[in-house]
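> Following this message is one structure expressed as structure tokens.
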Amino acid sequence: MAALWEKERDLTAVILTHPFRSEVAAPERPDARSELKHALEREDGGSQ
1 MAALWEKERD
11 LTAVILTHPF
21 RSEVAAPERP
31 DARSELKHAL
41 EREDGGSQ
């Protein structure tokens with residue numbers, strides 16, 4: 001269980017320090033995330 005918590009902390013740090021958080025204005029983030037998700041789905045040829 002401790003290993004899972006450690007992985008969760010590591011992934012949280014990656015997400016919170018990702019350039020996306022400083023490059024996209026807060027009100028625009030939900031739409032930007034959605035657009036990115038759908039672009040990746042189209043690139044992969046399927047859905048997640």
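Note that UniProt numbering gives residue 45 to position 45 of the sequence shown, counting from 1, and the numbers run on in steps of one. We put the beta carbon where it would ideally sit given N, CA and C, even for glycine. Source: prediction; values computed, not measured.
(1) Kindly list the residues whose CB is nearer than 7 Å to the CB of Glu35, restricted to its own chain and excluding five residues on each side of it in sequence; keep chain order.
(2) Roughly how many whole angstroms lie between the Cα atoms of Glu28 and Leu4?
(3) Would you mind reading off the limits of the alpha helix (DSSP H) that contains Glu28?
(4) Consult DSSP for His18 and reduce its assignment to one of helix, strand or coil.
Based on what the coordinates show:
(1) If we look at Glu35 and ignore the five residues flanking it on each side, it has no Cβ neighbours.
(2) Rounded to whole angstroms, Glu28 to Leu4 spans 31 Å at the Cα level.
(3) Glu28: not part of any alpha helix (DSSP H); DSSP gives it neither H nor E.
(4) His18: coil per DSSP, three-state reduction.
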